[in-house]
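Asks: One structure, pasted below without further comment.
Numbering (the working numbering), first residue to last: 147 to 305.
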């Protein structure tokens, strides 16, 4: 009789434990997305046709490795190989056109969970260096002649 009760207890325990075992192997674990990457770091002023380097970094709460996606603000983007969580990622970029660009970065962990976009870094590729020196020229002209130079700018939003 005792032997029969032991069998009943063992079978009951096995039946109760089966769902737990099934859950532990078949149930997927929760994958958290990486934290928002840091705002890119790099030059904020440059010349068209020259490569500049920008760095960002993100961590993953699960310790997963991370791909980075850089959006260069000019219609192009660049993805990376896997980096360790918290490791800096540095990429080069060259702009072909004049203007202002917002660089932003997204982190994607090895299980495809995506972070939100980083805060953008605004980069200027001015049409001419002369425009950026206009203040200095105006100060000198004003000190010499008492008035400022007035230069009408067409498409001023390009500068």
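Every residue, glycine too, gets a C-beta built ideally from N, C-alpha and C.
Computed from a predicted model, the values in this text were never measured in an experiment.
1) Grab me the residues of residue 292's own chain with a C-beta within less than 8 Å of its C-beta, minus the 5 sequence neighbours each way, in chain order.
2) Would you kindly work out how many angstroms separate the C-alpha atoms of residue 256 and residue 288, rounded to a whole number?
3) List the endpoints of the continuous beta strand (DSSP E) containing residue 315.
4) So for residue 223, helix, strand or coil by DSSP?
5) Taking residue 230 and residue 211 to be in contact with their CB atoms under 8 Å, please state how far apart those CB atoms are, rounded to whole angstroms.
6) Specify the secondary structure class of residue 288 as computed by DSSP and reduced to three states.
Replies: From the atom records:
1) Only residues of its own chain outside the window of five on either side were considered, and among them none has a CB closer than 8 Å to the CB of residue 292.
2) Rounded to whole angstroms, the gap between the alpha carbons of residue 256 and residue 288 is 60 Å.
3) Any question about residue 315 goes unanswered here, given that the chain covers just 147 to 305.
4) Residue 223 carries a strand assignment under DSSP once its states are collapsed to helix, strand and coil.
5) Taking the Cβ atoms as the reference, residue 230 lies roughly 6 Å from residue 211, within the contact range of under 8 Å.
6) It is helical.
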